[in-house]
Amino acid sequence: MADEKIVNVEVGGIDAPRLRSLIERIERLEEEKKELQSDIRDIFAEAKSAGFDVKALRTVLKLRKMNADDRNQQENWVAVFRKALEF
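Residues 107 to 193, numbered by our numbering, are exactly what the sequence shown covers, in order.
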């Protein structure tokens with residue numbers, strides 16, 4: 107029946123085809139996310155083999171995501187805590 111049209115079928119008030127479409131889109135994106143995470147792990151491994159400190163790289167990435175005010179505030183708190191602990 108190639109001429110059948112997909113009709114909105116509501117089950118318990120839920121648009122089933124729309125729900126299925128959303129779920130399938132999320133599943134595709136989750137798969138892409140897994141692939142990207144694998145690529146990122148590979149880049150960290152490459153950085154480590156090149157002699158870079160991966161923990162420091164992760165910290166720099168975290169700081170770069172922050173806006174300047176939040177970054178400065180965090181750096182100030184770290185400085186205060188370090189001074190208080192004398193190290």
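Using N, Cα and C, we set each Cβ at its ideal position, and we do this for glycine too.
Inclusion of L167 and R177 in the CB contact set at 8 angstroms is not warranted, their separation being larger than that value.
Between the C-alpha atoms of V115 and K139 there is a straight-line separation of about 31 angstroms.
Here the alpha carbons of Q180 and K189 stand approximately 14 angstroms from one another.
Counting only runs that start and end inside the stretch 126 to 192, there is no beta strand (DSSP E) element of at least 3 residues.
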